[in-house]
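Read left to right, the sequence shown gives residues 123 to 236 (the working numbering).
The beta-carbon is built from N, C-alpha and C at its ideal position, and this holds for glycine as well.
Since this is a predicted model, take the numbers as computed values, not measurements.
Structure first, commentary second.
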Amino acid sequence: MADFLVGYDGIKDMIALSDFLLVGAGMFCISMAGIFINRKNILILLMCIELMLLSVNLNFVAFSHYLQDITGQVFVFFILTVAAAEAAIGLAILVVLFRNRRTISVDVLDAMKG
């Protein structure tokens, strides 16, 4: 092992768990604000939902690292899989909506036709 790494305990010495949790909480709050402030554009709503899922993933990875347990990273893998499927389905619905209505506004989604 290199001499400059002697006594180095990894990222625990550099960044505390509370720092990761604050960044995750900040990302979550920004995504919630984006959802509540901008309710007109479906694309921005989808991006805010993805940011929300990424903030939860950051917290899972931080706890997984600090507790030396891989369970959090397994949860992140499943959450990313579900998020990718959600994004694909959401964008497909968005494309169909734009082709039919020529807009991606949430206001045009009030009619439910078969």
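Is residue i helix, strand or coil when you go by DSSP?
i           : result
residue 123 : Unreliable positioning characterises residue 123 in this predicted model, as indicated by a pLDDT of 48, which lies under 50. The coordinate reading is nonetheless provided below. Correct three-state label for residue 123: coil.
residue 138 : coil
Quickly, what does DSSP pair residue i with across the bridge? List them, please.
i           : result
residue 227 : 163
Hey, out of the options, whose CA is closest to residue i's CA?
i           : options            : result
residue 200 : 218, 144, 183, 229 : 183
residue 169 : 153, 229, 224      : 153
residue 149 : 137, 163, 171, 227 : 171
residue 195 : 208, 176, 213, 212 : 176
residue 143 : 212, 222, 159, 178 : 178
residue 229 : 160, 145, 209      : 160
residue 210 : 138, 165, 222      : 165
residue 140 : 216, 203, 185      : 185
residue 136 : 207, 221, 188, 157 : 188
residue 174 : 198, 162, 215, 193 : 198
Legend entry - Length-filtered (4 minimum) alpha helix (DSSP H) runs lying within the region 161-203: 164-188
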